[in-house]
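J.:
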Amino acid sequence: MSRSAEGSSCDTVLELLEAFVDRDLGPGEERMVAEHLDECRACRREHRLALEIRSSLRSLPEHDAPAKVLWAVRMTARDQGSRGALGTRLLRWTRRPASAFATAALALAVAVAALVWWQRPEPRPSLDDPEIARAARETRFALALVGELGRRAALDEVLGRRVVAPTVEGLTDALREHLGSERPEVESTEREDKTEKGATG
Amino acid sequence: MKKRDVAVVVMMLFMAGGVASAQQSVEQSPGYFPLEELGLFADGGVEVDVDIQGPMIKMMAAAAQEQEPEFGELASQLERIRVRVGTLRGDDRSGVEAEFDRAIRQLEAAGWKPMVRVDDEEELVRVFVKQGTERIHGLAVLVNDGFEEGVLVNIVGDLDPELVGRLIGSMDSLPDLNELGIDIGQE
Chain A
981 MSRSAEGSSC DTVLELLEAF VDRDLGPGEE RMVAEHLDEC RACRREHRLA
1031 LEIRSSLRSL PEHDAPAKVL WAVRMTARDQ GSRGALGTRL LRWTRRPASA
1081 FATAALALAV AVAALVWWQR PEPRPSLDDP EIARAARETR FALALVGELG
1131 RRAALDEVLG RRVVAPTVEG LTDALREHLG SERPEVESTE REDKTEKGAT
1181 G
Chain B
18 MKKRDVAVVV MMLFMAGGVA SAQQSVEQSP GYFPLEELGL FADGGVEVDV
68 DIQGPMIKMM AAAAQEQEPE FGELASQLER IRVRVGTLRG DDRSGVEAEF
118 DRAIRQLEAA GWKPMVRVDD EEELVRVFVK QGTERIHGLA VLVNDGFEEG
168 VLVNIVGDLD PELVGRLIGS MDSLPDLNEL GIDIGQE
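Protein sequences, first through last, are from chains A and B. Quick note, the first sequence lines up with residues 981 to 1181 if you use the numbering used here. Quick note, the second sequence lines up with residues 18 to 204 if you use the numbering used here.
1. In three-state terms, what does DSSP make of residue 50 of chain B?
2. Label residue 988 of chain A either buried or exposed according to how many other C-beta atoms from any shown protein chain fall within 10 Å of its C-beta, with 16 as the threshold for buried.
3. Do you know how far the Cα of residue 100 of chain B is from the Cα of residue 1094 of chain A?
4. Interface residues of chain A around residue 121 of chain B at Cβ under 8 Å?
5. Given that residue 184 of chain B touches chain A, what residues does it touch there, using C-beta distances under 7 Å?
6. Strictly by DSSP, which residues pair up with residue 103 of chain B?
7. Leaving out the 5 sequence neighbours to the left and right, which residues in its chain are closer than 8 Å to residue 152 of chain B when beta-carbon positions are compared?
8. Any C-beta of chain A sitting closer than 9 Å to the C-beta of residue 91 of chain B?
9. Please list, in chain order, the chain A residues whose beta carbon lies closer than 7 Å to that of residue 134 of chain B.
10. In chain B, which residues lie with their C-beta within 8 Å of the C-beta of residue 1129 of chain A?
11. For the segment 1112-1119 of chain A and the segment 70-89 of chain B, state whether three or more C-beta atom pairs, one from each stretch, are separated by less than 8 Å.
12. At the 9 Å Cβ level, is residue 79 of chain B part of the contact set with chain A, yes or no?
13. Determine, using beta carbons only, whether residue 105 of chain B and residue 161 of chain B come nearer to each other than 9 Å.
14. Quick one, which of B/63, B/48, B/68 has its alpha-carbon nearest residue 1114 of chain A's?
15. Going along chain B, which residues have a C-beta under 7 Å from residue 1107 of chain A?
16. The ligand SAH and residue 1127 of chain A: does the residue's C-beta get closer than 8 Å to at least one heavy atom of that ligand?
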């Protein structure tokens, strides 16, 4: 261990060397280290080495920390700082007897604000809005489809029972009159039966 | 537990109950039927899929209240409207008909009552209703048009039967089908 003229030892200077390189020392200590470096070759070598290391570190490329690492750091920090979290502090604050009135006032203010917000005039929706107009059109279509199908079914019923069936009956009657018999198909069946009976008998 | 803590818990339960109630799904409504479950359309065959519900129905009802009060009133009773149009599943006419019959049985098994039935050479139509004691909970429409194209409709709500009948009766024909890309063989 060497000692300079002003009495600063190499150990003391080496301890301050990193701060000296980073220019973090006060004026007195900085001057003391600088004077020691002028006189001590060994410490000068250490100083030069420290400067080279710092220069090398600065030339390294920067990389973002992985997300997992950041998340872990945040979680750790949150856990450690949770005692001082805003929510906890507020909760603790509301439990103080002196703060009860303030808490009630705050709650009332929030309730009034919520009520005002709730009852604010809404912009009235209009059928001119393209989206609403389209929804109305599609709804009308669905309803009209039910109506249309119902009408069609009713029409089939009406056509079937009141138009087609009477027409067929009328034609049948006309045919009967033309053939001179009221029940032509029954009679023909009876005739066939008689023929069959005669054949078998 | 202090009185204030009890009050906070009660308030939180009240708020949680309100949120849960608002989020109650229309799928729980007795008039809802998931049209997809009928499996009537060929894979990738759905051409039109309309689904109106929630805020859109409310806005539509509010918008129509002044201009068309009757439609607005009915819209306020609606919960959901679904319309699906597309190519029917089935290799040939008998295949399509079999799928259609299966879908009809599926609806009947779910408690839907047939209201309208049309069977002819070109189309098969069924309109089903899910009815409560005094109100209509839902309508379901199945149209098999030409054994190629199909239209399925599900109207969900708590509907006044008289109002539904009056409104449907006042609609002379199907409106603006071309805009929806729907053709069910109107005459």
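We put the beta carbon where it would ideally sit given N, CA and C, even for glycine.
T.: So, to answer that:
1. coil
2. buried
3. 39 Å
4. Chain A residues near residue 121 of chain B: none, gap ~14 Å exceeds 8 Å.
5. 1123
6. B/63, B/167
7. 175, 176, 177, 178
8. yes
9. 1133
10. 133, 135, 142, 144, 158, 160
11. yes
12. yes
13. yes
14. B/68
15. 80, 81, 84
16. Of the ligands one can find in the structure shown there are none, so the ligand SAH has no counterpart to examine.
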